[in-house]
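What follows is a single structure, written as structure tokens, with notes after it.
Protein chains: 2
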Amino acid sequence: MALRAGDHSRVAMNGLKEKVLTLDTMNPCVRRVEYAVRGPIVLRALELEQELRQGVKKPFTEVVRANIGDAQAMGQKPITFLRQVLALCVHPDLLNSPDFPEDARRRAERILQACGGHSLGAYSVSSGIQLIREDAARYIERRDGGIPADPNNIFLSTGASDAIVTVLKLLVAGEGPTRTGVLIPIPQYPLYSAALAELDAVQVDYYLDEERAWALDVAELRRALCQARGHCCPRALCIINPGNPTGQVQARECIEAVIRFAFEERLFLMADEVYQDNVYAEGSRFHSFKKVLMEMGPPYATQQELASFHSVSKGYMGECGFRGGYVEVVNMDPAVQQQMQKLMSVRLCPPVPGQALLHTVVSPPTPSDPSFAQFQAERQAVLAELAAKAKLTEQVFNEAPGIRCNPVQGAMYAFPRVQLPPRAVQHAQELGLAPDMFFCMRLLEETGICVVPGSGFGQREGTYHFRMTILPPMEKLRPLLETLSQFHAKFTREYS
Amino acid sequence: MALRAGDHSRVAMNGLKEKVLTLDTMNPCVRRVEYAVRGPIVLRALELEQELRQGVKKPFTEVVRANIGDAQAMGQKPITFLRQVLALCVHPDLLNSPDFPEDARRRAERILQACGGHSLGAYSVSSGIQLIREDAARYIERRDGGIPADPNNIFLSTGASDAIVTVLKLLVAGEGPTRTGVLIPIPQYPLYSAALAELDAVQVDYYLDEERAWALDVAELRRALCQARGHCCPRALCIINPGNPTGQVQARECIEAVIRFAFEERLFLMADEVYQDNVYAEGSRFHSFKKVLMEMGPPYATQQELASFHSVSKGYMGECGFRGGYVEVVNMDPAVQQQMQKLMSVRLCPPVPGQALLHTVVSPPTPSDPSFAQFQAERQAVLAELAAKAKLTEQVFNEAPGIRCNPVQGAMYAFPRVQLPPRAVQHAQELGLAPDMFFCMRLLEETGICVVPGSGFGQREGTYHFRMTILPPMEKLRPLLETLSQFHAKFTREYS
Ligand SMILES: Cc1ncc(COP(=O)(O)O)c(C=O)c1O
Ligand SMILES: Cc1ncc(COP(=O)(O)O)c(C=O)c1O
Numbered sequence: 083m084a085l086r087a088g089d090h091s092r093v094a095m096n097g098l099k100e101k102v103l104t105l106d107t108m109n110p111c112v113r114r115v116e117y118a119v120r121g122p123i124v125l126r127a128l129e130l131e132q133e134l135r136q137g138v139k140k141p142f143t144e145v146v147r148a149n150i151g152d153a154q155a156m157g158q159k160p161i162t163f164l165r166q167v168l169a170l171c172v173h174p175d176l177l178n179s180p181d182f183p184e185d186a187r188r189r190a191e192r193i194l195q196a197c198g199g200h201s202l203g204a205y206s207v208s209s210g211i212q213l214i215r216e217d218a219a220r221y222i223e224r225r226d227g228g229i230p231a232d233p234n235n236i237f238l239s240t241g242a243s244d245a246i247v248t249v250l251k252l253l254v255a256g257e258g259p260t261r262t263g264v265l266i267p268i269p270q271y272p273l274y275s276a277a278l279a280e281l282d283a284v285q286v287d288y289y290l291d292e293e294r295a296w297a298l299d300v301a302e303l304r305r306a307l308c309q310a311r312g313h314c315c316p317r318a319l320c321i322i323n324p325g326n327p328t329g330q331v332q333a334r335e336c337i338e339a340v341i342r343f344a345f346e347e348r349l350f351l352m353a354d355e356v357y358q359d360n361v362y363a364e365g366s367r368f369h370s371f372k373k374v375l376m377e378m379g380p381p382y383a384t385q386q387e388l389a390s391f392h393s394v395s396k397g398y399m400g401e402c403g404f405r406g407g408y409v410e411v412v413n414m415d416p417a418v419q420q421q422m423q424k425l426m427s428v429r430l431c432p433p434v435p436g437q438a439l440l441h442t443v444v445s446p447p448t449p450s451d452p453s454f455a456q457f458q459a460e461r462q463a464v465l466a467e468l469a470a471k472a473k474l475t476e477q478v479f480n481e482a483p484g485i486r487c488n489p490v491q492g493a494m495y496a497f498p499r500v501q502l503p504p505r506a507v508q509h510a511q512e513l514g515l516a517p518d519m520f521f522c523m524r525l526l527e528e529t530g531i532c533v534v535p536g537s538g539f540g541q542r543e544g545t546y547h548f549r550m551t552i553l554p555p556m557e558k559l560r561p562l563l564e565t566l567s568q569f570h571a572k573f574t575r576e577y578s
Numbered sequence: 083m084a085l086r087a088g089d090h091s092r093v094a095m096n097g098l099k100e101k102v103l104t105l106d107t108m109n110p111c112v113r114r115v116e117y118a119v120r121g122p123i124v125l126r127a128l129e130l131e132q133e134l135r136q137g138v139k140k141p142f143t144e145v146v147r148a149n150i151g152d153a154q155a156m157g158q159k160p161i162t163f164l165r166q167v168l169a170l171c172v173h174p175d176l177l178n179s180p181d182f183p184e185d186a187r188r189r190a191e192r193i194l195q196a197c198g199g200h201s202l203g204a205y206s207v208s209s210g211i212q213l214i215r216e217d218a219a220r221y222i223e224r225r226d227g228g229i230p231a232d233p234n235n236i237f238l239s240t241g242a243s244d245a246i247v248t249v250l251k252l253l254v255a256g257e258g259p260t261r262t263g264v265l266i267p268i269p270q271y272p273l274y275s276a277a278l279a280e281l282d283a284v285q286v287d288y289y290l291d292e293e294r295a296w297a298l299d300v301a302e303l304r305r306a307l308c309q310a311r312g313h314c315c316p317r318a319l320c321i322i323n324p325g326n327p328t329g330q331v332q333a334r335e336c337i338e339a340v341i342r343f344a345f346e347e348r349l350f351l352m353a354d355e356v357y358q359d360n361v362y363a364e365g366s367r368f369h370s371f372k373k374v375l376m377e378m379g380p381p382y383a384t385q386q387e388l389a390s391f392h393s394v395s396k397g398y399m400g401e402c403g404f405r406g407g408y409v410e411v412v413n414m415d416p417a418v419q420q421q422m423q424k425l426m427s428v429r430l431c432p433p434v435p436g437q438a439l440l441h442t443v444v445s446p447p448t449p450s451d452p453s454f455a456q457f458q459a460e461r462q463a464v465l466a467e468l469a470a471k472a473k474l475t476e477q478v479f480n481e482a483p484g485i486r487c488n489p490v491q492g493a494m495y496a497f498p499r500v501q502l503p504p505r506a507v508q509h510a511q512e513l514g515l516a517p518d519m520f521f522c523m524r525l526l527e528e529t530g531i532c533v534v535p536g537s538g539f540g541q542r543e544g545t546y547h548f549r550m551t552i553l554p555p556m557e558k559l560r561p562l563l564e565t566l567s568q569f570h571a572k573f574t575r576e577y578s
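Chains as they are written, first to last, in my numbering: chain A, 83 to 578; chain B, 83 to 578.
As structure tokens, this is what we get:
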């Protein structure tokens, strides 16, 4: 565990100089950052894997990482077309190889033409390769039924994470009661809380309604806002749709209500839409904030500031390692947009292979292309399997007494609520652990299943959850869900 | 140009709501960031290129971008082995292809084995793939004559830029007179000034000695430190070696003196060594701060905190677009190191293709490998040509009256000093431009040559410089140098 502040004075007595950089002297904002998705549970999972490799006997033979939304790590195969194009871009000697379909070759040539020195090895302009920004604009237009998108409002990024932090960074200002407040959902994706801590902004929590399938309620937004106005200056509202960790897909009316609220209350909207391709439930559909905003007409369409984020990490492609993504800004002050451009230029540019991959995503094969059929089949297979897994997860959990799981309408996660017996809660508290952390740790030690406690995402006081991805392959997912349910029953008996 | 603060009130009178995010309300630290390498000169160069394409007549037929250290953008070919390995990693179907040498295939398999789901598309652990950190440690040991390196002290990053900003971020604390001060060289690489502005830390300038080939003088460090102690708390010292923009390579004695100074004054050392493979001058050799530190023995070797940065963007590989890099930390407080790990985990991981590329750099083919001969030949060819261009650049400039250029001992830039006639200086000031910005703009407009004014990097008051890369291909470099010298002569006549 971390050294306690003050401990190092002992070191100093040994005749050594104190370190310049210690827990006491380091950036206090960084020290305050918490990040559960890769926290102690994951470190312990790593250790257990090592022990298994060394032959240590365990009650399980394998650690299953259901803690992070990383499809390919769980065995999902990359989409062939994407990788063909990228291999050609990486090693253009292959452009003459007959092993690649003609449209992949054409595509790679088009990307390379747009690169400095016709190589992925050159820096791009900081906001990303112009061609790819243009194609991303066309993609957004198709998605939004023809509503125009301007490539100049699109900035490519190092995964969506980078773009989200960049926009938050622009928004942060003030001190004391004028410090920027940012409304984020609870439960949230902990990038938000971490970035706000690092930037020394005020995190303003609004709660999603678990009883109504994690719906977003404007009355709750209003409550959160009013309460926050006493001690900070709320200036932005973050929405994650489809939701992580909660898996809900927002209804169109809800999005309209949120936009009206943001407009009236003068909040900059940040729409995290990285799961826009991951919608499974019957009756659910993805509506982009941009489209709804534009269809609402003036003054919303002409004035409400919005940033919408997308990524190559999720969807059907699951290309997390490439760190590709973009943000589209709408109605942003042009002078601020220039500042954003400048800020991005300091880090030179997003990774160009990720940009190239994004290109294949925003501009996929069309029906007349030789790769179309295979691309389409692979894409559908991934999405259909995810839909089946979403359904199965909800089902199995809801059959288990003491576990209740909202429908996984979209994204890649279930966030079931678990009842924990009072004695287990008490025992956890004696150990200095959040009760659901205690539950998840025990689960990991006894079954090898790695999930993240709800406390890492935020939840209503006195409720307990865990987040599990639906990504393990079907043949592993079913036993995993059953083992987990059985463990919960056993845990409950043990502490009753 | 940017809107002035206050201008938007006019907009508000038109019945529109004011924007939430304006120059007035945005993060003031971000607003203060300056970044010359991609500043107005580069924007104008882009416009000129567009005009040329549209057939607008200019006194030149091509814009030559000598503004940024991007070798492949200037036509340098990627090293074959690197791209072969990477293509195999991207598209493992190729592993059975006879077109790839056996060692490239073995290498790709080794990298993929170390990736989640055996794919570049999975997130890696936040500090980078363990295998690659281990091989980076072996690389550092070979470089440093066997001095041990611990993979646990190596963090892979999104280019060196990312790692530099991360370490600075850890160091920033305090307010008013206790605010963190960071010593940086002048002239500097403007990432440093930009990051310090963004983080609201105090930039403490120490001047390199142009009269002694941009040497670093400890007396000057002491002057800068003493002066800074009045108004901030200096806690770190940045060194760029080989230097950007100045091209000097530090002597070993100088590095020893810097280390002693940092130790006595309790400064965290940041050694930017991204040009460690780029040393050309006879008698110059790269000495890593880590090696010198270790060879100095205790208390330096055991106590002095150091972070050393490296990148795949420079050297002989020039793979800027991949955004690969790493930092090695030495003698860092383990609790702080944990905090650094946590901070990196918020952004999930560095781009995995960049990590894979870094692997081939830290673990290049050895003499028994089939790819060795070609790899070695390509590497040498690149470095030999850079050395010839460094020599040529210095020579041609020093033949021009009114231009004086220190030897380009290393890195990829010349930073010549130019005499500008007083009337030109006055004219520039009337236009509200730095005199060397005026010179560079005129140069661009009349010759198509794009270089960056010295004012973007910092220089002694009353001196004028520009930074030019030595990267244009030989057949373009010579005429470029001559055109530039002639333009300077003409400019001088015009304003005399
Ligand atoms: C809601 C949400 N936003 C953003 C991200 C960041 O994704 P990336 O940076 O890989 O694009 C994630 C990743 O899990 C996420 O779940
Ligand atoms: C001195 C120095 N440090 C760091 C960098 C950053 O390089 P990258 O982020 O591409 O690794 C550069 C790039 O030009 C540089 O010149």
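Every residue, glycine too, gets a C-beta built ideally from N, C-alpha and C. Computed from a prediction, not measured in an experiment: that's the story for all the values here.
Residue i at chain B interface by Cβ criterion, 8 Å
i: R405 of chain A; result: yes
i: S243 of chain A; result: yes
i: Y117 of chain A; result: yes
i: V340 of chain A; result: no
i: A84 of chain A; result: Annotation note: pLDDT 40 at A84 of chain A (below 50); position unreliable, coordinate value reported separately. True, the Cβ-Cβ gap to chain B drops below 8 Å.
i: D185 of chain A; result: no
Whether residue i touches residue j by CB criterion (8 Å)
i: N360 of chain A; j: P327 of chain A; result: no
i: I214 of chain A; j: L238 of chain A; result: yes
i: F350 of chain B; j: R304 of chain B; result: no
i: L51 of chain B; j: Y408 of chain B; result: Because residue 51 of chain B is not part of the residues shown, which for chain B are 83 to 578, the question remains open.
i: T551 of chain A; j: G151 of chain A; result: yes
i: R165 of chain B; j: H173 of chain A; result: yes
i: R549 of chain A; j: Y495 of chain A; result: yes
i: H392 of chain A; j: V500 of chain A; result: no
i: V443 of chain A; j: V374 of chain A; result: no
CB contact check: residue i to chain A, cutoff 8 Å
i: Q195 of chain B; result: no
i: K424 of chain B; result: yes
i: N109 of chain B; result: yes
i: L349 of chain B; result: yes
i: L273 of chain B; result: yes
i: C532 of chain B; result: no
7 Å Cβ cut-off: residues of chain B touching residue i
i: G157 of chain A; result: G199
i: C320 of chain A; result: Residues of chain B passing the Cβ test: none, with the nearest at roughly 14 Å.
Chain-ordered chain B contacts of residue i [CB-CB under 8 Å]
i: P160 of chain A; result: S201, G203
i: T104 of chain A; result: D415, A417, V418
DSSP bridge partner residues for residue i (one or two, in chain order)
i: Q285 of chain A; result: A:V264
i: E410 of chain A; result: A:I236, A:S390
i: M376 of chain A; result: In DSSP, M376 of chain A forms no bridge with anything.
i: Y117 of chain B; result: DSSP, once it has assigned bridges, lists no residue as partnering Y117 of chain B.
i: M550 of chain B; result: B:A496
i: V361 of chain A; result: A:G492
Chain A contact residues for residue i, given Cβ-Cβ distances below 8 Å
i: H173 of chain B; result: R165, Q166, L168, A169
Given a limit of 8 Å on CB to CB distance, which residues of the region 449–477 of chain A reach chain B?
none
Against chain A, which members of the region 253–266 of chain B pass a CB distance test of less than 7 Å?
L253, V254, A255
Closer than 7 Å, Cβ to any Cβ of chain A: which residues of the region 436–450 of chain B, in chain order?
G436
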